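J.: Heads up: the sequence shown begins at 7 in the working numbering, then just goes up one per residue.
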Amino acid sequence: MLDLAVLALLLLVALGVGRRLLAAVPFEWALEEAIFAIALGLGLLAYVTLALAEASLLGRPALLAALALAAAWSRRELVAGVALGVRGARRWLDGSPTRSERAALALGVVIVAAELVMSFAPPVGGDQTKYQLVYPRLWAEAHRVVATPWSFWGYLQYLMNLLFAAAFALRGDVLARLLNAAYGVLLAFAIFALGRRAFGRQTGVWAAILFLTMPFTASLMSRAWVEFALSLYVILAVLAVLAWRRSRSGAWLGLAAVMAGLAAGTKLIGLLAPALLAVVVALDVLRAGGRRAAPAAARAIATFGLVAALVGAPCYARNAVETGNPIYPFGYGVFGGRNWSADAARGLDAYYDAYRETQAARRGGHAYHGVEALRFPWDATMAPQSFEEAGRSAYDVGPFLLAFAPALVLLRGRRDAGLLLGVASAYATVVVFGMWAHPRYIHPALVLLLIATVEATARLRALGPAAARGVTAVLVATVLVQTALTARVLAPLWPDSARVALGRMTPDAFLRKNERHYALASLVRAHVPPNGNVLLLGMIPHPYYYVGRPFTLASPLEQGAIDYRSIANVDDFVNAIRRYGVTYVVREDEPDKRAANPVGERVLRLWDDLLARAEKIGDTPDGALYRLTPAMARADGAA
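Below, the structure is given as C-alpha cells:
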C-alpha cells in the first residue's frame, strides 16, 4: 500500500504545481483544471528526472528534495485544489446524479480497481520487459543516464519512461506501473471533460465508460505503456484549442501548445500533435479574418510551434547530443547517428515488414501496401489479433466505432465535431499510410473518434422514443460485452496478481510461474558476480530481469555497434564484444520468429562458435549461461 501512498503524493504535488502555473487560464470547471494541472505537473516531474539523471543525481534523496521544494512552492494551490475537489464531489452527490452517471462511476471504479491489482505483481512479457521499463530501471540503479551503444532502445526514453525512472528511484516497478494506470484514469476523466465541453454531459459520461470497459484499455492498463500519456496530452491539447476557439483567450492557446509539446515529448509519433494543431489554429485565424489575416495566421503557427517545440525538446536534445540524431535511430538518412547505419535501418525495416506480413496471415490477408491500408478500420475492429502476438481480445476496440461511423454525418456543420474528427482523421491517416498501421499507434485518434461517435448516436435519439430506447440499449449492451471481454483479458494473470497483492504469493513464485525467461535470469543472478557483464544473444531480448548486473545486447536488429556485416569469423566477433567488457554470455532459446534475421544465418553461426569456446555454467528450458575464458574477456570485466 505504500506505493499507492507515494502515487497519491506525486499526484498531489503535481496538482499544486500545475494549479500555480496555470493560474492565468480561465477554467470554468474545477475537474477540468485538476486534469490539466496534474498532467502538467507530471510532465515537469519527468523533465526534472532527466535533469537529475544528466547530473548523476537520480536517486531517492534528490527526488524527494525536489518534491518537497515543489510542494512548499505550491502549498496554497495544493490545499485549495484538494478543498475544491472535496466540495465538487459533495455538490455532485447533492445534485442527484442520474442513474447512468452513478452506474458508470460504479462500474468504472470496479474495473480500475481490478486492473490496479495487476500493478502489484511483477511485470511479465511484452514491450515493458523489452525496453519500456528496462532502461528506466537501469538509469535508476546507476543514478544517471546510461549509454547503450549496443541498443537503440536506450535512446527511446521519453517523458513516460522518465516517470518510470523516477518511480524506480523512489520505490520500484509497482509504482512505475501505477503511474501508467494513473494516466489511464486521467485519460478517462479527460475524455469526459472533452465530451462535456464539446457536446454535453451525457456524451462525456458514455464516452468515458466505453473507453474504460474497452478490452484494449485493459491491456494498456495492466502493463507499462506510454499510450495513455500520449493520448491524454493530445486530448487535453484538443480541449484547450476548443476552449480557445470559443473564448479567444491567449492563455488557452498557450496551454494547448504546452499540452501538444508534452505529447511530442512522450513519443516520436506525438510530434504529429503540435503539427496538426498548429494548422488548426492557423486555419481558424484565417477563417475569422480572411486573407488579410494571413500574417496573423503565420505568426500563430510560429508561436504555437515554438512553444510546443520548447516543451517537447528535452529528450530529443539529449539524443542529439549523445548520438548526433534527435530522433535516433530513425531518420538516419537525414541526421546520421552513431552506432547505426543505413544497412541497419534497412535490416530493421525488413524485419518488421516481414513481421507485419506474418501477422496479417492470421486474418487471411497480407501486410498493407498503399491503398490496401483502407481496410485497416475493418481489421482493427474485427480482427485485432492480426496486429500483435497476443490474445484475441488484447487489442480489441470492439465494433462500436465501425458500426456507428455512418452516423457521423449527423454531426456535419458542428465546428466542435469537425475539430475532433479532423484531428483524428489526419492523425490516423498519417500513421496508417506513412508509419505503421497498428491500433496502438493511432490510440489518440481512436479516443477522439469515440467521443464523436457517442455524440452521433445521441443524435439518433431525435428520431423518436423507440430510437432513443434503442440507442440506450445498444450503448448498455456494448458496455456489458466490453466488460466481459475485459475480464477475459485480465483472467490469465489476475488470480496470481491478486495473490501477490495480498501477500499470499511471492514475486519470485509469480515470476517462475508466469515469466518465460525468469528462470534463466535467476541463473544469471546466482552465478554472475555484481561486476560481471552479461552478453545477451537473441533476436529480440527482454532484458528487464537482467538489470542488476551489467548487460550488453548483441541483437543484430537493435544496434550497429556490433556490426555483423563486417565480422568475418568468431575472432572478429570476440574483438567486437571485448570493448564492452563482456565476461558471461546468455543464449536465449527462442521460438521460431515471425520474421527473418536481416543479416542471415551467419549471425547464428558466430554465436554457436563463440559458445563453443566458452564454459557452460547451467541451462534452463529457455536458454543457457556461459562463462567466457580469460583470453576472450577483459580481466576486470568493466564496460
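From the three backbone atoms N, C-alpha and C, an ideal C-beta is built for every residue, glycine too. Treat the numbers as computed from the prediction; the structure is a model and nothing was measured.
Does the pairing of the stretch 278–288 with the stretch 431–448 give three or more beta-carbon distances under 8 Å?
T.: yes
J.: Distance, Cα to Cα, Ala-187 vs Leu-17?
T.: 12 Å
J.: Taking the DSSP output, what are the residues bridged to Val-591?
T.: Leu-541 and Tyr-632
J.: Measure the beta-carbon distance from Val-495 to Ala-224 and round it to whole angstroms, keeping in mind my assumption that it falls under 8 Å.
T.: Right, their Cβ atoms sit about 5 Å apart.
J.: Grab me the residues of Ser-399's own chain with a C-beta within less than 6 Å of its C-beta, minus the 5 sequence neighbours each way, in chain order.
T.: If we look at Ser-399 and ignore the five residues flanking it on each side, its Cβ neighbours are Pro-221, Leu-491, Arg-494 and Val-495.
J.: Hey, out of Gly-295, Arg-344, Val-23 and Trp-258, whose CA is closest to Phe-310's CA?
T.: When each option's Cα is compared against that of Phe-310, the closest is Trp-258.
J.: Would you check if there are 3 or more beta carbon pairs closer than 8 Å linking the stretch 242–257 to the stretch 211–218?
T.: Too few Cβ pairs lie closer than 8 Å, so no.
J.: Who are Phe-126's beta bridge partners in DSSP?
T.: BP columns for Phe-126 are empty, so no partner.
J.: Determine whether the beta carbon atoms of Ile-41 and Ala-199 lie at a separation below 8 Å.
T.: yes
J.: Helix or strand or just coil, what does DSSP make of Leu-18?
T.: helix
J.: Should Val-415 be labelled buried (16 or more other beta-carbon atoms within 10 Å of its own) or exposed?
T.: Under this definition Val-415 is an exposed residue.
J.: With a threshold of 16 other CB atoms inside 10 Å of the CB of Glu-607, please say whether the residue is buried or exposed.
T.: By the 10 Å Cβ count, Glu-607 comes out exposed.
J.: Go ahead and label Asn-331 buried or exposed: buried means 16 or more other beta carbons lie within 10 angstroms of its beta carbon, across all protein chains shown.
T.: Around the CB of Asn-331, 16 or more other CB atoms lie within 10 Å, so the residue is classed as buried.
J.: Give the single residue among Arg-571, Leu-542 and Asp-578 whose Cα lies nearest to the Cα of Lys-136.
T.: Leu-542
J.: Taking Val-180 as the reference, give the member of Phe-126, Val-140, Leu-261 and Asp-595 with the closest Cα.
T.: Phe-126
J.: Just list the residues that DSSP pairs Phe-516 with in beta bridges.
T.: Paired residue(s): none; Phe-516 is not in a bridge.
J.: Since I believe Val-429 is in contact with Val-244 (beta carbons under 8 Å), could you give me their beta-carbon distance rounded to a whole number of angstroms?
T.: 6 Å
J.: Please go through the same chain and pick out, in chain order, the residues whose beta-carbon is closer than 6 Å to the beta-carbon of Leu-266, but skip the five residues on each side of it.
T.: Per the sequence presented here, residue 266 reads as Ala, with Leu not at that position. Ala-243, Ala-279, Pro-280, Leu-283 and Ala-314, listed in sequence order.
J.: Return the Cβ separation of Ala-171 and Ala-153 in integer angstroms, given the expectation that the two are a contact with Cβ distance under 8 Å.
T.: With 8 Å as the limit, Ala-171 and Ala-153 do not qualify as a contact, their Cβ atoms being about 15 Å apart.
J.: Starting from Ile-623 and walking both ways along the beta strand (DSSP E), at which residues does that stretch end?
T.: 621–626
J.: Check for me: the beta strand (DSSP E) holding Leu-559 runs from which residue to which?
T.: Counting along the chain, the beta strand (DSSP E) containing Leu-559 begins and ends at 557–559.
J.: Excluding five sequence neighbours on each side, which residues of the same chain lie with their C-beta closer than 7 Å to the C-beta of Ser-62?
T.: The beta carbon of Ser-62 lies closer than 7 Å to those of His-149 and Arg-150 in the same chain, with the five residues before and after it left out.
J.: With the cut-off set at 8 Å, would you say Val-232 and Val-118 are in Cβ contact?
T.: Going by C-beta atoms, Val-232 is not nearer than 8 Å to Val-118.
J.: Can you tell which of Asp-133, Gly-206, Phe-158 and Leu-452 has the C-alpha that lies nearest to the C-alpha of Glu-328?
T.: With respect to the C-alpha of Glu-328, the residue from Asp-133, Gly-206, Phe-158 and Leu-452 having the closest C-alpha is Phe-158.
J.: Count the other C-beta atoms from every protein chain shown that fall within 10 angstroms of the C-beta of Arg-324, then say buried if there are 16 or more, exposed otherwise.
T.: Per the 10 Å Cβ criterion, buried.
J.: Need the endpoints of the alpha helix (DSSP H) that Ile-457 sits in, please.
T.: 449–466
J.: Please look up how many angstroms separate the CB atoms of Leu-631 and Val-592, rounded, as I've assumed it's under 8 Å.
T.: 6 Å
J.: Hey, how far is the Cα of Asn-520 from the Cα of Arg-633?
T.: Cα to Cα, the separation comes out at about 27 Å.
J.: Can you give me the Cβ contacts of Ile-333 inside the same chain, cut-off strictly under 8 Å, excluding the 5 residues immediately before and after it?
T.: Leu-274, Tyr-322, Asn-325 and Phe-341
J.: Cα-Cα, which of Gly-440, Arg-420 and Ser-347 is closest to Leu-380?
T.: Gly-440
J.: Count the C-beta pairs between the stretch 407–414 and the stretch 450–466 that are closer than 8 Å, then say yes if the count reaches three, no if not.
T.: The answer is yes - the stretch 450–466 touches the stretch 407–414, with three or more Cβ pairs under 8 Å.
J.: Between which residues of its own chain and Asp-625 is the CB-CB distance below 6 Å, once the five residues before and five after are set aside?
T.: none
J.: When you compare each of Ala-464, Gly-470 and Ala-468 to Val-480 by their alpha carbons, which one comes out closest?
T.: The option with the nearest alpha carbon to Val-480 is Ala-464.
J.: Do Arg-202 and Leu-248 count as a contact pair if the criterion is CB distance below 8 Å?
T.: no
J.: List the endpoints of the continuous alpha helix (DSSP H) containing Pro-320.
T.: 300–329
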